[in-house]
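One point on numbering: in numbering that gives the first Met the number 0, the residue at position 88 of the sequence shown is 87, and numbering is uninterrupted. C-beta: ideal position from N, C-alpha, C; glycine also. Because the structure is a prediction, the values reported are computed rather than measured.
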Amino acid sequence: MKYILSFMIFFAAATASISAYANNAVAVGDTIPAITQIHDQDGKPQSFDSLKDDKGLVLVFVRSLEWCPYCQKQALSINSYRSDFQDAGYNVAIVSYDTTEKTKLFDNRHDIEIPLLSDLNSELIRAFGILDTTQSEGSRTYGIPQPTIFVVNADGVVTSRLAEEGYKNRPGIEDVLAALK
Numbered sequence: 000m001k002y003i004l005s006f007m008i009f010f011a012a013a014t015a016s017i018s019a020y021a022n023n024a025v026a027v028g029d030t031i032p033a034i035t036q037i038h039d040q041d042g043k044p045q046s047f048d049s050l051k052d053d054k055g056l057v058l059v060f061v062r063s064l065e066w067c068p069y070c071q072k073q074a075l076s077i078n079s080y081r082s083d084f085q086d087a088g089y090n091v092a093i094v095s096y097d098t099t100e101k102t103k104l105f106d107n108r109h110d111i112e113i114p115l116l117s118d119l120n121s122e123l124i125r126a127f128g129i130l131d132t133t134q135s136e137g138s139r140t141y142g143i144p145q146p147t148i149f150v151v152n153a154d155g156v157v158t159s160r161l162a163e164e165g166y167k168n169r170p171g172i173e174d175v176l177a178a179l180k
């Protein structure tokens, strides 16, 4: 009985962890929430209209550019393919809960050419429905998103949503580029 109860608790916790991101998440076909009160690494206010290109915008939500090595690696990869996104008619932006100062430090260290957006209070992260609710309020990691990529057309409609299970795995750049076609 003790083992059955332990399994049930483990299963319930695992299910809660997986579904922690699924509630009210923006899906393919949805219009994205308004992007307001968000600033890039230079402190410049940004909006969907200022960020998108002819065909749209690729929004890459990462946990942190300050302390998450998986996010840092993904940001560097995305940045290195910037011209491929532009050739396809899309701009790309990375969103984290980091402060503008922290995104600027990352930019300065790596010469980033794409907007690094600071969602300091995780308002956009919450609006997209991807807040990692397994993090305790008041902890250093409270406010992080489940890493997710949204491909959004020029009208603000999600045409593709890419995410992997867990925070270590990220969609491959070839999958992201394929989603632009």
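Just mark residue i as buried or exposed, buried being the case when its beta carbon has 16 or more other beta carbons within 10 Å.
i	result
Val150	buried
Thr102	buried
Thr98	exposed
Thr147	buried
Gly28	exposed
Asp106	buried
Ser82	exposed
Asp174	exposed
Ser63	buried
Arg160	buried
Between the Cα of residue i and the Cα atoms of the options, which residue gives the shortest distance?
i	options	result
Ala92	Ile37, Val25, Gly28	Ile37
Asp48	Gln85, Ala162, Ala24, Ala153	Ala153
Ala74	Lys180, Pro32, Pro170, Ala178	Pro170
Arg108	Gln85, Arg125, Glu65	Glu65
Asn132	Gln85, Val27, Gln145	Residue identity check: residue 132 is Thr in the sequence provided, not Asn. Residue Gln145 is the option with its Cα nearest to Thr132.
Leu205	Val57, Tyr166, Leu176	Summary: the structure shown does not reach residue 205, with the chain confined to residues 0 through 180, and so no result is reported for it.
Leu104	Pro32, Gly42, Ala178, Val175	Gly42
Ser79	Ile111, Asp106, Thr35, Val156	Ile111
Phe60	Arg125, Val156, Gln45, Ala178	Arg125
Ile143	Ile172, Asp86, Ser121, Ile77	Ser121
Ile77	Leu58, Gly88, Ser63, Gln40	Leu58
Ala178	Ala87, Gln45, Thr30, Pro68	Ala87
Cys70	Leu176, Asn23, Asn168	Asn168
Lys72	Val156, Leu176, Ile172	Ile172
Thr30	Val157, Glu163, Glu100, Asn23	Val157
Just list the residues that DSSP pairs residue i with in beta bridges.
i	result
Val94	Phe60, Leu116
Just checking residue i against the ligand MN - is the residue's beta carbon closer than 7 Å to any of the ligand's heavy atoms?
i	result
Gln73	Absent from the structure shown: the ligand MN. Ligands present: none.
Output the residue ranges of the alpha helix (DSSP H) runs that lie fully inside the stretch 101 to 167 and measure 4 residues or longer, sorted by chain position.
-> 122 to 126
May I have a chain-ordered list of the alpha helix (DSSP H) segments no shorter than 4 residues that lie completely inside the stretch 27 to 92?
-> 47 to 50, 68 to 79, 81 to 86
Is the stretch 49 to 56 in contact with the stretch 132 to 142, if contact means three or more CB pairs nearer than 8 Å?
-> no
Is the stretch 109 to 117 close to the stretch 80 to 94, with three or more CB pairs under 8 Å?
-> yes
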